[in-house]
Amino acid sequence: MIKASHIALALRASILPFLALPAALQAQAPTQVAAPATAATPAQDAKEQEQQEAFAVIDGWLKAMTAFRQVPGLSAGVVSGDDLIWSAGYGHVDAAGKMPATPATVYPICSISKLYTAIATMQEVEAGRLQLDKPLTDALPWAQFHEVDPASGPVTLRGLLTHGAGVPREPGFEYWAPPFTFPTRDQVRATFAGEGQTRLYGGFTHYQYSNLGLTLAGEAVAASSGQSYADYVTLHILQPLGLSHTTPFLPAEAIGRGKAVGHGFPKRDGTRDELQPFNAEGITPAAGFASSVEDMAKFAAWQFRLLRTGDTEVLTSGTLRDMQRIQFVDPDSDLTRGLGFGVYREGRKSYVGHSGECPGFFSQILMHNPSETALIVMMNAAEPSRPYINAIFGILDKRRGFAFKGGAPMAMDLAPYKGLYSAQPWGSERMVMPWAGGLAVLGLPNMNPSDGLSFLKPVAPDQFRRVRDDGSEAELVQFERGADGKVTRLVWHATPSVRIGDL
């Protein structure tokens, strides 16, 4: 493990009071920021209703998917501008089931660590102590690669931050397989001695994701600043941004046996193996950080604030913009990278962020800068996080501005219909939720919920019409009640679905 300085030790101490909270206090229902004290305008009321209904669907969907996918623990959050406007936790992060997942739960964030390393690198560039396009050996004389295409130019920090340098993915140790024995800094450095390291490709000819590359960027920061990497990121990034639960190490108080533990991919019987703890050691700049949804929300809000105001805070706004614009396009695919950041295209929208995948813990932060919206998902399981991010964005987008066509829905109390209904034997469950004056129905499980939603428009007490994409009304859907007046089932196409639970 990288030796912690007094700064890192102090940061560990700051985490202890939070970790000591009893599990009952850490368990949280989905939370939203409080509404402003001043009277809201009709437009604000409509936006608030949109958000509340979208978050309710997201919450119900996440409860279902973590159960169906056997994800032990998941924490998620939605950021709008400066605020974490919704967050929740599902399941537990420890093997004993005593530590509920919450927005404050600390997880390893794995390759999201690369964003902090990229920011540190760009701080040193702004200070004039590092140069993006000079040979890496100017900063690290020992980090010499054997060239396969000398004409393509030397390895540079720009190449490392974009994964376009053509350097190997890993230093050469088998640390991604059990027992997850990561190399020390000295061991990484020693791989450049003797036969040394050889580039796989010339610069910017092919995309090659590289943990070695971002590790070297972190080493360049340490060399140029005269500080340890852990001290540098703590003093110059984490503390100024108030990220008190983000650390350039995996805190033993939060992660490990008897605490937050990772789990592998599902096996054929549907179970997941508990994985032993790991420590990124000399690969820390690429994969060794830990954080929480709440801290990652602050991290996203800082970026929105910097881009909005044009101020200087940790970085200049111009530098952050450069980091988040496309710097390299993989000639073999449509993959695009900024400086440290991934740059992604979904339809007509562009997003920036990064995922993190390490033994037993998967996570992602994805930001849509034009709307100042960020999504964060963290799990203690090997479970691709991007589908969860895409699903949440999809639900938010589907609800935004949605209105039934052809006249307003009949006004009625929709709360009695909300719940889970059996879809057996043709499916597992149906989730029914209030939606824009009508109902939204989603079959579960479904990893693409925004496309799987059906919408029901009320036309009479307990009677609804499914609405087609063009707004026209289709078949009748009938809800039935028991002797106590409570809704007991829905009937769709002459097929009943019994109500099996509340939401």
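Under mature numbering (1 follows the signal peptide of the UniProt record, and there is no 0), residues -29 to -1, 1 to 474 are what the sequence shown spells out, in order. Every residue, glycine too, gets a C-beta built ideally from N, C-alpha and C.
Taking DSSP's pairing of strands, which residues face residue i in a bridge?
| i | result |
| --- | --- |
| Ile336 | His325 and Ile347 |
| His177 | The partner list for His177 (beta bridge, DSSP) is empty, contrary to what the question assumes. |
| Tyr392 | Arg401 and Arg470 |
| Thr152 | DSSP, once it has assigned bridges, lists no residue as partnering Thr152. |
| Phe299 | Arg308 |
| Glu284 | Leu286 |
| Arg437 | Leu427 |
| Phe116 | Gln168 |
| Thr2 | Ser58 |
Using the C-alpha atoms, what's the distance from residue j back to residue i?
| i | j | result |
| --- | --- | --- |
| Thr108 | Ala114 | 6 Å |
| Arg170 | Leu132 | 15 Å |
| residue 480 | Arg437 | Nothing can be reported for residue 480: it is not among the residues displayed for the chain, which extend from -29 to 474. |
| Ala(-7) | Ser263 | The pLDDT assigned to Ala(-7) is 35, lower than 50, so where the model puts this residue is not dependable; a value taken from the coordinates is nonetheless given after this. So the alpha carbons of these two residues sit roughly 16 Å apart. |
| Pro106 | Pro112 | 9 Å |
| Glu400 | Leu391 | 7 Å |
| residue 476 | Val448 | Outside the displayed range of the chain (-29 to 474) lies residue 476, so it cannot be described from this structure. |
| Gly233 | Ala251 | 14 Å |
| Gly241 | Leu206 | 44 Å |
| Thr290 | Asp30 | 36 Å |
| Ile254 | Ala191 | 13 Å |
| Gln102 | Gly259 | 25 Å |
| Met350 | Gly377 | 43 Å |
| Ala261 | Ile363 | 23 Å |
| Leu277 | Thr283 | 7 Å |
| Arg370 | Ser326 | 26 Å |
| Gly143 | Gly235 | 23 Å |
| Phe373 | Arg460 | 26 Å |
| residue 516 | Ala271 | In the structure as shown, the chain begins at -29 and stops at 474. Residue 516 is therefore absent and cannot be evaluated. |
Kindly indicate which three-state DSSP category residue i falls into: helix, strand or coil?
| i | result |
| --- | --- |
| Ala(-7) | Caution is warranted here: a pLDDT of 35 is assigned to Ala(-7), below 50, making its placement in the model unreliable, and the coordinate value is therefore given only provisionally. Note: Ala(-7) maps to helix in three-state DSSP. |
| Asp54 | strand |
| Thr459 | strand |
| Ala431 | strand |
| Arg(-18) | Legend: pLDDT at Arg(-18) = 42, less than 50; position of this residue unreliable, value from coordinates given subsequently. In the structure shown, Arg(-18) sits in a helix (DSSP, three-state: H, G or I). |
| Val159 | helix |
| Ile360 | helix |
| Arg370 | helix |
| Leu447 | strand |
| Thr133 | helix |
| Phe426 | strand |
| Pro71 | strand |
| Val126 | coil |
| Phe375 | coil |
| Phe144 | coil |
| Pro341 | helix |
| Pro106 | strand |
Taking residue i as part of the beta strand (DSSP E), name the residues at either end of that continuous run.
| i | result |
| --- | --- |
| Ala411 | Gly409 to Leu415 |
| Met402 | Glu400 to Trp406 |
| Gly313 | Gly313 to Glu317 |
| Pro79 | Tyr78 to Cys81 |
Taking the alpha helix (DSSP H) that residue i falls in, what are its first and last residues?
| i | result |
| --- | --- |
| Ala454 | Here Ala454 belongs to no alpha helix (DSSP H), and DSSP marks it neither H nor E. |
| residue 476 | Outside the shown range of the chain, which is -29 to 474, sits residue 476, and nothing can be said about it. |
| Pro420 | Pro420 to Gly423 |
Please specify which runs of the alpha helix (DSSP H), each continuous and at least 4 residues long, are wholly inside the region 194 to 273, giving them in chain order. The qualifying runs are 200 to 204 and 255 to 258.
My parser needs the beta strand (DSSP E) runs of 3 or more residues fully inside the region 12 to 64; what are they? 44 to 51 and 54 to 62
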